[in-house]
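Data block below; observations after.
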Amino acid sequence: MADKKIIFVAFAIEDARIRDMIKGQSLHTDSPFEYVDMSVKEAYDEEWKKKVRTRILRSDGVLVIVTKNSLNSSGQKWEIQCAKEERKKVRGIWAYKDDRTNIVGVNTMTWTWDNIATWIDSL
Numbered sequence: 483m484a485d486k487k488i489i490f491v492a493f494a495i496e497d498a499r500i501r502d503m504i505k506g507q508s509l510h511t512d513s514p515f516e517y518v519d520m521s522v523k524e525a526y527d528e529e530w531k532k533k534v535r536t537r538i539l540r541s542d543g544v545l546v547i548v549t550k551n552s553l554n555s556s557g558q559k560w561e562i563q564c565a566k567e568e569r570k571k572v573r574g575i576w577a578y579k580d581d582r583t584n585i586v587g588v589n590t591m592t593w594t595w596d597n598i599a600t601w602i603d604s605l
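Numbered by the working numbering, the letters in the sequence shown go through residues 483 to 605 in order.
This is the structure we're talking about:
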């Protein structure tokens with residue numbers, strides 16, 4: 483496998499448990515990606531936005547955890563918009579079998595490690 487890819491994960495704070503699962507996967511030595519965590523509990527101020535933009539710029543792609551919580555997550559919406567402004571490849575994964583929430587402008591796939599690996603390999 484080539485060099486590891488750096489993946490920014492955009493998620494609603496209510497879905498932190500799902501984010502933790504992805505983070506755990508990235509810690510495996512044979513995982514094809516590194517994970518960037520920018521989660522915060524405080525308000526999204528300009529300093530946070532600058533840090534997020536810098537990390538998105540350093541990443542090879544942005545993986546969006548898509549759930550019903552995504553629809554009301556201003557931070558996640560901003561991260562997706564930032565990624566598009568910076569011309570990063572954005573791909574969504576549905577976190578739950580019974581939740582097929584759609585985020586306009588985000589191509590979303592079923593969550594399997596194979597799907598994620600295939601997308602990462604394409605970056």
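Using N, Cα and C, we set each Cβ at its ideal position, and we do this for glycine too. These numbers come from a predicted model, not from an experiment.
Hey, quick one: how far does the beta strand (DSSP E) through residue i stretch, first residue to last?
i	result
W440	As shown, the chain starts at 483 and ends at 605. That puts residue 440 outside it, with no answer to give.
K487	487-492
K571	571-576
I495	Counting along the chain, I495 falls outside any beta strand (DSSP E), and DSSP gives it neither H nor E.
L545	543-548
Just the Cα atoms here: how many angstroms apart are residue i and residue j?
i	j	result
A498	I547	10 Å
D527	N551	21 Å
R535	G587	19 Å
W530	A565	15 Å
D502	K579	18 Å
K532	N554	22 Å
F436	W560	Here the chain comprises residues numbered 483 to 605, so residue 436 is not present and cannot be evaluated.
D581	S556	19 Å
R573	Q558	13 Å
State the CB to CB distance for the pair residue i and residue j, rounded to an integer number of angstroms; the pair is presumed to be in contact (CB under 8 Å).
i	j	result
I500	L545	That pair is no contact at about 11 Å.
Assuming residue i is part of the alpha helix (DSSP H), what are its boundary residues?
i	result
V586	It is not in any alpha helix (DSSP H) - V586 carries neither H nor E in the DSSP assignment.
L539	528-540
K559	556-567
Does the Cβ-Cβ distance between residue i and residue j come in under 8 Å?
i	j	result
A467	I562	Nothing about residue 467 can be read from this structure; the chain reaches only from 483 to 605.
G543	K487	yes
I602	E568	no
A494	T549	yes
K570	S604	no
A577	W593	yes
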